[in-house]
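Scroll down for the structure; my scribbles are underneath it.
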Amino acid sequence: MYYIEMHGHMVSRTTDDYREMAMAGCVAVSEPAFWAGWDRQSADSFDDYFRQLTDFEPKRASQFFIRHVSWLCLNPKEGEDRRLTAEVLKRIPKFLDRPNVVGIGEIGMNRVTHNEVDTFIDHIRLALDYNQMILIHTPHLEDKYKGTRATIDNLVKFQNLDPNRVLIDHAEEHTVGMILEHGFYTGLTLYPNTKVSLARAVDMIEKYGPDRITISSACDWGPSVPTAVPQLMLEMRRRGHSEELIRKLVFENPLKFLMQSGKFELPRLDIHATVSHTAP
Amino acid sequence: MNKQGRCPLTTSQIIDEYFIENRTRILDVAAYLDRLLRSADSQPAGEDFRMQAFEQALHILSSTEPNKVDHIQLVFSDPTTELKAHLDTKSASGAWNPVPEVR
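In order, the protein sequences belong to chains B and F. Using our numbering, the letters of the first sequence correspond one by one to residues 1 to 280. Using our numbering, the letters of the second sequence correspond one by one to residues 1001 to 1103.
This is the structure we're talking about:
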């Protein structure tokens, strides 16, 4: 079965991982900008990172017939630094016309500070100014509940924001309901330790239904499994769920969401981009 | 799609499929608690805010109430709504500390 990896930090993965993912059915990867594991010292570092996301990674993925799209931002772990935020935000617009850029992300909060919220709001304004879709990170562990609530509270203040073009990621049992109730897309992240197990992800799908839910491995430089999405497919089969339902979660839902960018396409599957949303 | 909220497996099928792996998990938890009792310094773990939350989670586990995972998630979560004045630490610790250390 074909699937779309909705959240993969491929800059941290090997070319062999792309190959394994392709062999498991992956036809596209959506890669949000994120924290390198250490704080970058200047906006110049982000320029290079954005070039990597918009030039080098799409080429590397294409060797395995995987369509690569990316999201740009200064990530939540560095959002406390308002000076750096201002400089990075100035540099993002020149990348938005690149063919694989589908939006602003992954933005959000880490420890839910005043500065992080201000940085989050700056990114939302940038996305709206350039008619971009938005991908949102929610905080880890004990901060997730508070951070998800603060995320939604701030998003609903923007009356011209279409919730259908916003994905609030890394949902868990105590946050998935509030995200879906507000009309946003959401994502379940299959991390070995800190986020959602295969069985719990399927439990949430059974409880909330499949609409506007996407699945990802969020594979990165930490403990993570690039082929976690195919593992979820097996878990769903183990429970007796239909192939139709599995396909909706791992292919149709992310496809429907990404197609709104006007840039997403899978020509080998005769799926073509529709209309450009890049220009304000 | 099955009736929303329901697992498509019967009770006995769920036990057949998932008992062994969850037996392993509960033994891991038991071994973790025993390990704490065998610690090199014999300090009581119950003074640690993370273990206080862990203890609450264990009580929920042994109850007959539904939605245990949702309740346990909230036990570990920061329930406050006030924004932090500034970044205290880069990483989360897994449980909310009602009396954070002054850094």
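Every residue, glycine too, gets a C-beta built ideally from N, C-alpha and C.
- For S30/B, the enclosing beta strand (DSSP E) covers residues C26 to P32.
- Apart from sequence neighbours up to five positions away, the residues of its chain that approach R165/B with a beta-carbon distance below 6 Å are M133 and Q260, ordered along the chain.
- Among the residues of the stretch 130-152 of chain B, those with a Cβ less than 8 Å away from any Cβ of chain F are P139, H140, L141, E142, D143, K144, Y145, K146, R149 and A150, in the order of the chain.
- Put simply, the stretch 1014-1026 of chain F does not touch the stretch 84-101 of chain B. Fewer than three CB pairs are less than 8 Å apart.
- In the three-state reduction of the DSSP assignment, M133/B falls in the strand class, which pools E and B.
- Under the three-state reduction of DSSP, T214/B is assigned to strand.
- Taking one beta carbon from each stretch, the stretch 1048-1056 of chain F and the stretch 68-77 of chain B have fewer than 3 pairs nearer than 8 Å; the two do not touch.
- A distance of 8 Å or more separates the beta carbons of M109/B and F95/B.
- DSSP places G177/B within a helical segment (H, G or I) once states are collapsed to three.
- According to the DSSP assignment, T186/B belongs to the beta strand (DSSP E) that extends over Y185 to T189.
- Neighbourhood of T227/B in chain F, by CB distance below 9 Å: empty, with the nearest CB roughly 20 Å away.
- Between D16/B and P1100/F, the alpha-carbon positions lie close to 43 Å from each other.
- Within chain B, no C-beta atom comes less than 9 Å from the C-beta of T1024/F; the nearest is roughly 13 Å away.
- For the 8 Å CB-CB criterion, E206/B and G1005/F form a contact.
- Interface flag for E172/B against chain F is set, since a Cβ pair is found closer than 8 Å.
- By the criterion of a C-beta distance shorter than 7 Å, A199/B is surrounded in its chain by E235, once the five residues flanking it on both sides are discounted.
- Between E142/B and P267/B, the alpha-carbon positions lie close to 42 Å from each other.
- As DSSP reads the structure, Y1032/F sits in no beta bridge.
- At a C-beta separation below 8 Å, V1069/F has these neighbours in chain B: E173, R200 and D203.
- The criterion of a C-beta distance shorter than 8 Å is not satisfied by A33/B and E87/B.
- By the Cβ neighbour-count rule, S224/B is buried, with 16 or more other Cβ atoms within 10 Å of its own.
- Each residue's CA atom was taken as its position, placing K144/B and A1057/F some 17 Å apart.
- The beta carbons of T175/B and T227/B sit no closer together than 8 Å.
- Between the beta-carbon of L245/B and that of P192/B there is about 24 Å, and that puts the pair past the 8 Å contact cut.
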